[in-house]
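These protein sequence lines map, in sequence, to chains A and B.
Counting from 1, one number per residue, gives the positions in the first sequence under the numbering used here.
Counting from 1001, one number per residue, gives the positions in the second sequence under the numbering used here.
Even for Gly, the Cβ is constructed at its ideal location relative to N, Cα and C.
Here the structure is a predicted model, which means the values were calculated and not measured.
In what follows, a structure is listed as C-alpha cells, so that the remarks can point back to it.
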Amino acid sequence: QKEVEQNSGPLSVPEGAIASLNCTYSDRGSQSFFWYRQYSGKSPELIMFIYSNGDKEDGRFTAQLNKASQYVSLLIRDSQPSDSATYLCAVSDNFNKFYFGSGTKLNVKP
Amino acid sequence: DGGITQSPKYLFRKEGQNVTLSCEQNLNHDAMYWYRQDPGQGLRLIYYSQIVNDFQKGDIAEGYSVSREKKESFPLTVTSAQKNPTAFYLCASREDRANEQFFGPGTRLTVL
Chain A
1 QKEVEQNSGP LSVPEGAIAS LNCTYSDRGS QSFFWYRQYS GKSPELIMFI
51 YSNGDKEDGR FTAQLNKASQ YVSLLIRDSQ PSDSATYLCA VSDNFNKFYF
101 GSGTKLNVKP
Chain B
1001 DGGITQSPKY LFRKEGQNVT LSCEQNLNHD AMYWYRQDPG QGLRLIYYSQ
1051 IVNDFQKGDI AEGYSVSREK KESFPLTVTS AQKNPTAFYL CASREDRANE
1101 QFFGPGTRLT VL
C-alpha cells in the first residue's frame, strides 16, 4: 500500500503569517505531486502541482519537493481567513492512479 | 460551461438497496475516477477508467460496480454488498497526457 502522510492539525496561524504544510510519501517511484484545498462539505480543488525537485511558486503559494527525502510541502504566504480549509496532498506514479493523504486542517485567525 | 456534474447531491438509501450515483463530464477527458471520502480521512480510490468500455478496480472496489459506455459518463453503483456505504463520493476526470485531476461537487450518501 502506498502511503501519503500528513499531520491532521489543526494548524493555526494568524492572518498575514506564513502557513507551512507538510507531506511525506512512501513510494520512491512517485513522479507527480499535488496540493488540493477542500472546504468543509465541498469537493477538492487543485491549487498546485510539482514534478521536479525544488520550489514552484504561484502567487501566494509555493510548493517544495525533495524526492531524496520523499517530502513535499506547501507554503502559503500572507495567509487570509479565506485560506482556512483542509489541504490534501496527493501523489501519482504516472500510471493513472493517485494516492491522497488524510489532509491538514488550516485555521487562519483574523 | 465545461465541468463535471454529479447527481444527486444527497442520497438516502435503505439497507439492502442498490443505488447508482451519476457522474458526467463535458471536458472531453479520457480518464475518470471514483473516490470515497470518510470524515477526517483522505480520498480512497474505488474504480477508475482510462478509456471507454474499460475500467480497473481501485483499492476499495468491493461492493461497488461501474460502467463506461460513453466517454462523458461513469456511473457508480453502490450495491447491498457494501457493508458501510455512508460516505462522501467524489468523481474526477483527467485529460489524457495530463496528470491533474479535476473533481465534481460530490454526492453524500447516507444509509438509513
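Just tell me which of the options has its CA closest to the CA of residue i.
i       : options                            : result
A:E3    : A:Y25, A:G54, A:D78, A:R60         : A:Y25
B:Y1064 : B:K1070, B:P1075, B:Q1101, B:H1029 : B:P1075
A:E45   : B:L1112, B:A1092, B:D1096, B:A1098 : B:A1092
B:S1049 : B:G1003, B:R1036, B:F1012, B:V1066 : B:V1066
A:Y174  : A:P81, A:A19, A:Q31, A:R37         : With chain A covering only 1 through 110, there is no way to say anything about residue 174 of chain A.
A:F34   : A:N96, A:S8, A:L74                 : A:L74
B:K1070 : B:V1078, B:P1085, B:I1051, B:I1060 : B:I1051
A:N66   : A:K42, A:C23, A:A85, A:Y87         : A:C23
A:G54   : A:D83, A:S12, A:Q6, A:Q70          : A:Q70
B:G1003 : B:L1112, B:R1094, B:R1108, B:T1107 : B:R1094
B:A1081 : B:E1062, B:F1088, B:S1073          : B:E1062
Classify residue i as helix, strand or coil using the three-state DSSP reduction.
i       : result
B:P1008 : coil
A:D27   : coil
B:P1085 : coil
A:P14   : strand
Any idea if residue i is buried or exposed, counting beta-carbon neighbours within 10 angstroms, 16 or more meaning buried?
i       : result
A:G59   : exposed
B:L1090 : buried
A:G101  : buried
A:A68   : exposed
A:A90   : buried
A:Y39   : exposed
B:G1042 : buried
B:Y1010 : exposed
B:R1036 : buried
A:R37   : buried
B:L1112 : exposed
A:N103  : Rather than Asn, the amino acid found at residue 103 of chain A in this sequence is Gly. Buried, because 16 or more other Cβ atoms sit within 10 Å of the Cβ of A:G103.
Would you list the one or two residues that DSSP bridges to residue i?
i       : result
B:I1060 : Paired residues: none, contrary to the question.
A:L21   : A:L74
A:K105  : A:T86
B:P1039 : None; B:P1039 has no bridge partner.
A:G134  : The requested residue 134 of chain A is not part of the displayed model; chain A covers only 1 to 110.
Evaluate contact between the region 6-21 of chain A and the region 75-93 of chain A, counting only Cβ atoms and requiring at least three cross-stretch pairs below 8 Å. Short answer: they touch.
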